[in-house]
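Enquirer: So for the sequence shown, this note's numbering puts the first residue at -14; every next one is plus one. Glycine is no exception: its CB is placed at the ideal position from the N, C-alpha and C atoms. Would you mind keeping the following structure in view while I ask a few things?
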Amino acid sequence: MKKSYAVELEHIWTYFGEQLIHQDISFRLENGEILGLVGASGSGKTTLLREIIGLETPSRGSLKVLGEPIQEACATECRERRNHTGVLFQNGALFSALNIFDNIAFPLREVDIDDEELISQMVYMKLAMVGLNARDATLKPSELSGGMVKRAALARALILEPELLLLDEPTSGLDPLASEAFVTLLRQLHQELDFTVVMITHDLDILRDLCLKVGVLADHRLVAFDTLDKVLACDHPFVQEFFHNNRAQRIFSSLEAGHG
Ligand SMILES: Nc1ncnc2c1ncn2[C@@H]1O[C@H](COP(=O)(O)OP(=O)(O)O)[C@@H](O)[C@H]1O
Ligand SMILES: [Mg+2]
């Protein structure tokens, strides 16, 4: 039987008008893996996530998610697949007019679940999973700390129990403690629920501690895609600059010593 991957990109090219974004990007991610995607601002990371979820269509190439090809004009099918994919976008993580409960319940109501008791059960279960309590559920996003908003957004992303979780810079804007707590939470949930993760991040600790694979976007290409220790050995200038400055050196020293 042919092996199926959680995410499979083959020769993806993306243009916005004349502007080249992605040039011949291919990779495969196995079920249950966590991919950390890095690249300069504007290198096309978010666009790649949007293509994986079917919100954007590559100009060329093919893309399979959870074993199914993503095609143009597949409204119903795409919607169905989106239910197997949880997304935490970088900004606008939550609807500001809705309280936390209704934010987390939103995807359930969108798939026409209308049993309020069931909705309530599912929401409170997910709230507990991400370390929020019942009182938090009554608050608006603006009444929560940044870390709590991210947790609530994660609860919403997980409410339909997705097989694939897409995260766009989930710890950006968090202080180091909140960021570390978020990473611990993500690790726990990943162990429990066993989903696949594609995460855009610049957080060196996350790349070291959480990501089984690291992908680097630079010069429109995927210049590295491998385990972190292999990526560290890549001599592309962006990789050198990003992973071999003083701060990165400190964070990765144990790893490089271990594999040197
Ligand atoms: N819908 C769009 N239409 C036109 N240009 C876009 C669109 N989305 C993104 N871009 C452009 O594509 C490039 C890559 O954007 P993005 O994927 O957001 O990069 P990153 O997430 O790596 O910072 C940027 O130059 C951005 O302005
Ligand atoms: Mg982005």
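Which same chain residues, not among the five before or five after Ala163, have their C-beta less than 6 Å away from its C-beta?
Expert: Counting from 1 along the sequence shown, the entry for residue 163 is found at position 178. If we look at Ala163 and ignore the five residues flanking it on each side, its Cβ neighbours are Gly132.
Enquirer: Could you tell me the alpha carbon to alpha carbon distance between Gly245 and Val199, rounded to whole angstroms?
Expert: Sequence index remark: in the sequence shown, residue 245 carries index 260 (1-based). Sequence index remark: in the sequence shown, residue 199 carries index 214 (1-based). Below a pLDDT of 50, predicted positions are generally treated as unreliable, and Gly245, at 42, falls in that range; no measurement from the model is reported.
Enquirer: Assuming Arg13 and Glu(-7) make a contact with CB atoms under 8 Å, what is their CB distance in whole Å?
Expert: Along the sequence shown, read from residue 1 onward, the residue named residue 13 stands at position 28. Along the sequence shown, read from residue 1 onward, the residue named residue -7 stands at position 8. Going by Cβ atoms, the distance from Arg13 to Glu(-7) rounds to 5 Å, so yes, they are a contact pair.
Enquirer: Just checking my contact of Leu171 with Leu195 at CB under 8 Å: how many whole Å lie between their CB atoms?
Expert: The count along the sequence shown starts at 1 and reaches residue 171 at position 186. The count along the sequence shown starts at 1 and reaches residue 195 at position 210. Yes, they are in contact, since the Cβ atoms of Leu171 and Leu195 sit about 7 Å apart, within 8 Å.
Enquirer: Cutting at 7 Å between CB atoms, please list the residues of its own chain near Leu34, excluding the five before and the five after it.
Expert: Residue numbering aside, residue 34 sits at position 49 when the sequence shown is read from its first letter. Closer than 7 Å at Cβ, skipping near neighbours: Leu151, Asp153, Val183 and Ile185.
Enquirer: Compute the distance between the beta-carbons of Ala142 and Leu79, then report whether it is under 8 Å.
Expert: On the sequence shown, position 157 is the one that residue 142 refers to. On the sequence shown, position 94 is the one that residue 79 refers to. Going by C-beta atoms, Ala142 is not nearer than 8 Å to Leu79.
Enquirer: Roughly how many whole angstroms lie between the Cα atoms of Glu18 and Asp121?
Expert: Start at 1 with the first residue of the sequence shown, and residue 18 comes out as number 33. Start at 1 with the first residue of the sequence shown, and residue 121 comes out as number 136. So the alpha carbons of these two residues sit roughly 31 Å apart.
Enquirer: For Ala58, does the three-state DSSP call read helix, strand or coil?
Expert: Start at 1 with the first residue of the sequence shown, and residue 58 comes out as number 73. Model confidence at Ala58 stands at a pLDDT of 47, short of 50, so the residue's coordinates are unreliable and nothing is read from them.
Enquirer: Is Gly46 near ligand 1, going by C-beta to nearest heavy atom under 7 Å?
Expert: Position 61 of the sequence shown holds residue 46. For ligand 1, not one heavy atom lies less than 7 Å from the Cβ of Gly46.
Enquirer: For ligand 1, I want to know if Thr32 counts as a neighbour, meaning its beta carbon is within less than 7 Å of at least one of the ligand's heavy atoms.
Expert: Looking up residue 32 in the sequence shown gives position 47. It does: the Cβ of Thr32 is within 7 Å (strictly closer) of some heavy atom of ligand 1.
Enquirer: Check whether the Cβ of Gln75 sits closer than 7 Å to any heavy atom of ligand 2, and report yes or no.
Expert: Here residue 75 is taken as the residue at index 90 of the sequence shown, counted from 1. Yes.
Enquirer: Classify His69 as helix, strand or coil using the three-state DSSP reduction.
Expert: Translated into positions along the sequence shown, residue 69 becomes position 84. His69 falls in the coil class under three-state DSSP.
Enquirer: Kindly indicate which three-state DSSP category Thr156 falls into: helix, strand or coil?
Expert: Here residue 156 corresponds to residue number 171 of the sequence shown, with the count starting at 1. Of the three classes helix, strand and coil, the one that applies to Thr156 here is coil, per DSSP.
Enquirer: Tell me the DSSP secondary structure of Ala137 in three-state form.
Expert: Along the sequence shown, read from residue 1 onward, the residue named residue 137 stands at position 152. The answer is helix: DSSP assigns Ala137 an H, G or I state.
Enquirer: Taking 7 Å as the line, does the beta carbon of Gly39 fall inside it for any heavy atom of ligand 1?
Expert: Counted from its first residue, the sequence shown places residue 39 at position 54. The answer is no for Gly39.
Enquirer: Got a sec, what are the start and stop residues for the beta strand (DSSP E) Asp9 sits in?
Expert: For the purposes of this step, residue 9 is taken as residue 24 along the sequence shown, with counting starting at 1. Run containing Asp9: Gln4 to Leu14, per the beta strand (DSSP E) assignment.
Enquirer: Which class does Phe210 belong to by DSSP, given the choice of helix, strand or coil?
Expert: Locating residue 210 in the sequence shown gives position 225, counting from the first residue. Phe210 falls in the strand class under three-state DSSP.
Enquirer: Since Tyr109 is in the alpha helix (DSSP H), which residue starts that stretch and which ends it?
Expert: Position 124 of the sequence shown, counted from the start, is the residue given in the question as residue 109. Per DSSP, Tyr109 belongs to the alpha helix (DSSP H) from Glu101 to Met114.
Enquirer: Could you work out which residue in Glu3, Leu20, Asp214 and Ile(-3) is closest to Thr181 when comparing CA atoms only?
Expert: To locate residue 181, count along the sequence shown from 1; it is residue 196. If we check each option's Cα against that of Thr181, Leu20 comes out closest.
Enquirer: Below 6 Å CB to CB, which residues in the same chain sit around Ala25 once its five sequence neighbours on both sides are set aside?
Expert: Within the sequence shown, the letter at position 40 stands for residue 25. Once the five neighbours on either side are set aside, Ala25 has no close Cβ partner at all.
Enquirer: Give me whichever residues DSSP pairs with Phe80 in a beta bridge.
Expert: Position 95 of the sequence shown, counted from the start, is the residue given in the question as residue 80. None, per the DSSP bridge assignment.
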